[in-house]
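Okay, so the sequence shown: first residue is 0 according to numbering that gives the first Met the number 0, each after it adds one.
Virtual Cβ for every residue (Gly too), placed ideally from N, Cα, C.
One structure is given below, encoded as structure tokens.
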Amino acid sequence: MENQVTIFDHPLIQHKLTHMRDVNTGSKLFRELVSEVSMLMCYEATRDLPLKEVEIETPMMKTKSKVIAGRKLAFVPILRAGLGMLDAMLEMVPAAKVGHIGLYRDEETHEPVEYYNKLPSDIEERDVFVLDPMLATGGSAIDAINIIKKSKPNSIKFLCIIASPEGIKALTEAHPDVQVFCAAKDDGMNENCYILPGLGDAGDRIFGTK
Numbered sequence: 000m001e002n003q004v005t006i007f008d009h010p011l012i013q014h015k016l017t018h019m020r021d022v023n024t025g026s027k028l029f030r031e032l033v034s035e036v037s038m039l040m041c042y043e044a045t046r047d048l049p050l051k052e053v054e055i056e057t058p059m060m061k062t063k064s065k066v067i068a069g070r071k072l073a074f075v076p077i078l079r080a081g082l083g084m085l086d087a088m089l090e091m092v093p094a095a096k097v098g099h100i101g102l103y104r105d106e107e108t109h110e111p112v113e114y115y116n117k118l119p120s121d122i123e124e125r126d127v128f129v130l131d132p133m134l135a136t137g138g139s140a141i142d143a144i145n146i147i148k149k150s151k152p153n154s155i156k157f158l159c160i161i162a163s164p165e166g167i168k169a170l171t172e173a174h175p176d177v178q179v180f181c182a183a184k185d186d187g188m189n190e191n192c193y194i195l196p197g198l199g200d201a202g203d204r205i206f207g208t209k
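Quick look at the structure:
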């Protein structure tokens, strides 16, 4: 599992994450921090993209330089909180296509329930990045990846900001072929399956609905 999971320790990410956790951080700043952390994570999550050499002309001379070698990417946020990560990812890779998977957690069973599914028509040609700020029980991530795998994409990576040990274990066991990236691995979950110390409900804090 160690090679399957990347937990970021970059000072900028940890600094921004502290402000995200703070109960006094309002929705506007929280959204900005989610976006900034997502952008920083995107650098690392795309580190293995292949390059090819092309010839260009600088103001001084012709030279050879590198560009991404034609890999097609897709970003798939899990609704609704995953939308908070999407714009930052698109700023980094504007040519990526976007899909959406809608899941909500049943308040009694804590199990994910699917209500929306729309993926790019050429998903089988793409490397998919699944986005969700929180990985708690792992149920939503596992179900979303199960849905995406039916379309046979090239590869799948999962990006979250905060993860519980239980969620990481469940996701990596269910999908050992999926690389997981997160900004922090927290202590655990409470009886309502909220991550501790966590940051509360990411969707509510992004959209100011609570």
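message = Comparing C-alpha positions only, which one of D121, I194 and S37 sits nearest to A182?
response = On the sequence shown, residue 182 is found 183 positions in, with the first residue counted as 1. Among D121, I194 and S37, the Cα nearest to that of A182 belongs to S37.
task = Could you please give me the residues that DSSP links to I6 through a beta bridge?
result = Here residue 6 refers to the residue found at position 7 when the sequence shown is read from its first residue. Bridge partners of I6: C181.
request  = Could you round the C-beta distance between L78 and Y115 to whole angstroms and report it? I think they count as a contact, below 8 angstroms.
outcome  = For this step, residue 78 is matched to residue 79 along the sequence shown. For this step, residue 115 is matched to residue 116 along the sequence shown. Going by Cβ atoms, the distance from L78 to Y115 rounds to 6 angstroms, so yes, they are a contact pair.
key: Length of the line joining the Cα atoms of K15 and S34   = Numbered from its first residue, the sequence shown carries residue 15 at position 16. Numbered from its first residue, the sequence shown carries residue 34 at position 35. Distance between the alpha carbons of K15 and S34 is about 10 angstroms.
request  = Going by DSSP, name the residue or residues bridged to A201.
outcome  = Here residue 201 refers to the residue found at position 202 of the sequence shown. According to DSSP, A201 bridges with nothing at all.
query = Quick one: does F7 have its CB under 9 angstroms from some CB of chain B?
reply = Within the model displayed, chain B is absent; a lone protein chain is all it includes.
query = What first and last residue would you give for the beta strand (DSSP E) that runs through E56?
reply = Walking along the sequence shown from the start, residue 56 turns up at place 57. Note, E56: beta strand (DSSP E), L50 to E56.
ask   = Can you list, in chain order, the stretches of the alpha helix (DSSP H) that have 4 or more residues and sit fully within the region 81-115?
value = 82-91
inquiry  = Does the structure place the region 137-144 close enough to the region 158-172 that three or more beta carbon pairs sit under 8 angstroms?
reply    = yes
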